[in-house]
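Undergrad:
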Amino acid sequence: MPHKLMQMQRAVNQGSRRRPVMLAIAGDSATGKTTLTKGLVEALGPERSTSICVDDYHRYDRQERKELPFTALHPDCNYVGIIEQHLQLLATGQPILKPVYDHATGQLTRPQLIEPRDFVIVEGLLPLHTTLTRACFDVTVYLNPRRKSAGSGRSSGTPRSAATPLTRCSPS
Numbered sequence: 001m002p003h004k005l006m007q008m009q010r011a012v013n014q015g016s017r018r019r020p021v022m023l024a025i026a027g028d029s030a031t032g033k034t035t036l037t038k039g040l041v042e043a044l045g046p047e048r049s050t051s052i053c054v055d056d057y058h059r060y061d062r063q064e065r066k067e068l069p070f071t072a073l074h075p076d077c078n079y080v081g082i083i084e085q086h087l088q089l090l091a092t093g094q095p096i097l098k099p100v101y102d103h104a105t106g107q108l109t110r111p112q113l114i115e116p117r118d119f120v121i122v123e124g125l126l127p128l129h130t131t132l133t134r135a136c137f138d139v140t141v142y143l144n145p146r147r148k149s150a151g152s153g154r155s156s157g158t159p160r161s162a163a164t165p166l167t168r169c170s171p172s
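Laid out in structure tokens, this is it:
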């Protein structure tokens with residue numbers, strides 16, 4: 001039960017190291033995760049916020065994926081175990097060396113050092129995929145776009161970019 005251990009470790013005072021507030025913004029492609037994350041960073045203050053995208057944790061570059069039976073959106077095409085490890089480290093106030101995937105070129109590039117600040121905002125398709133990743137967060141948001149009306153090509157009564165956020169807050 002590593003998720004229970006993670007919850008207990010986060011509850012214990014980490015000495016001089018402060019535990020950041022962890023927020024997850026999850027949802028399907030084009031639901032507004034990046035827009036919401038940027039807005040939260042602006043509202044909370046860039047000097048107090050760290051944001052990362054777990055969509056960078058691909059196992060394969062675009063060329064390698066051409067030979068595979070699944071897309072980059074599938075969990076098997078991503079390093080879910082490393083996502084779990086990195087979220088645990090961030091949740092306990094420790095830095096990580098995050099992989100970087102260049103979505104424009106389809107190539108994996110140099111990793112980036114990420115230092116957690118007061119707020120760590122994690123966005124992407126898979127931040128809530130496992131019990132262990134979910135245990136790392138104080139607040140989770142899943143963006144769920146409204147279904148389109150039959151034959152209209154538009155969401156019923158909502159602009160194209162609108163989404164319905166579902167929020168769960170966990171006690172600290």
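Residues 1 to 172 (full-length UniProt numbering) are what the sequence shown spells out, left to right. We treat Cβ as the ideally placed atom computed from N, Cα and C, and that holds for glycine.
Which of the three DSSP states is assigned to P99 in this structure?
TA: Here P99 sits in strand by DSSP.
Undergrad: For the beta strand (DSSP E) holding Q85, just list the boundary residues, first then last.
TA: Looking at the DSSP string, Q85 is not in any beta strand (DSSP E); the run it does join, the alpha helix (DSSP H), is V80 to A91.
Undergrad: Could you give the distance in angstroms between the alpha-carbon of A24 and the alpha-carbon of D61?
TA: So the alpha carbons of these two residues sit roughly 25 Å apart.
Undergrad: Keeping to the same chain, check which residues put their C-beta closer than 8 Å to that of P75; ignore five residues upstream and five downstream.
TA: L126 and H129.
Undergrad: Spatial neighbours of E115 within its chain, please: CB distance less than 8 Å, with the 5 preceding and 5 following residues excluded, ordered by chain position.
TA: Only T50 and P95 meet the Cβ criterion.
Undergrad: Give the single residue among D138, L97, R146 and T105 whose Cα lies nearest to the Cα of V54.
TA: Looking at the Cα atoms, L97 is the closest of the given residues.
Undergrad: By the three-class DSSP mapping on this structure, what secondary structure does E64 have?
TA: In this structure, E64 counts as helix in the three-state DSSP scheme.
Undergrad: Can you tell me whether T50 is helix, strand or coil according to DSSP?
TA: Strand at T50.
Undergrad: In chain order, what residues of the same chain lie with their CB nearer than 7 Å to the CB of L113, ignoring the 5 residues before and after it?
TA: Excluding positions up to five away in sequence, the list reads P95 and L97.
Undergrad: Relative to the alpha-carbon of M22, which residue among S29, T31, A30 and T37 has its alpha-carbon at the smallest distance?
TA: Among S29, T31, A30 and T37, the Cα nearest to that of M22 is on T37.
Undergrad: Please report how far the alpha carbon of Y79 lies from the alpha carbon of A43, in whole angstroms.
TA: Cα to Cα, the separation comes out at about 31 Å.
Undergrad: Run through the stretch 26-50 for me and flag every whole alpha helix (DSSP H) of 4 or more residues, listed as ranges in chain order.
TA: Entirely contained in the stretch 26-50, the alpha helix (DSSP H) runs reaching 4 residues are, in chain order, 33-44.
Undergrad: Out of Y57, G106, H86 and R59, state which residue places its alpha-carbon closest to the alpha-carbon of Q137.
TA: Looking at the sequence itself, residue 137 is Phe, so the reference to Gln does not match. It is H86 whose Cα lies nearest to the Cα of F137.
Undergrad: Find the nearest neighbour of P20 within the set R146, R134, L143 and T92, judged by alpha-carbon distance.
TA: When each option's Cα is compared against that of P20, the closest is T92.
Undergrad: Taking only the alpha-carbon atoms, compute the straight-line gap between G39 and V122 and give it to the nearest angstrom.
TA: Rounded to whole angstroms, G39 to V122 spans 13 Å at the Cα level.
Undergrad: Express the C-alpha separation of R48 and Q63 in angstroms, rounding to a whole number.
TA: C-alpha separation (whole angstroms): 37 Å.
Undergrad: Look up R110 in the DSSP assignment and say whether it is helix, strand or coil.
TA: In the structure shown, R110 sits in a strand (DSSP, three-state: E or B).
Undergrad: Since L132 is in the alpha helix (DSSP H), which residue starts that stretch and which ends it?
TA: Note, L132: alpha helix (DSSP H), T131 to A135.
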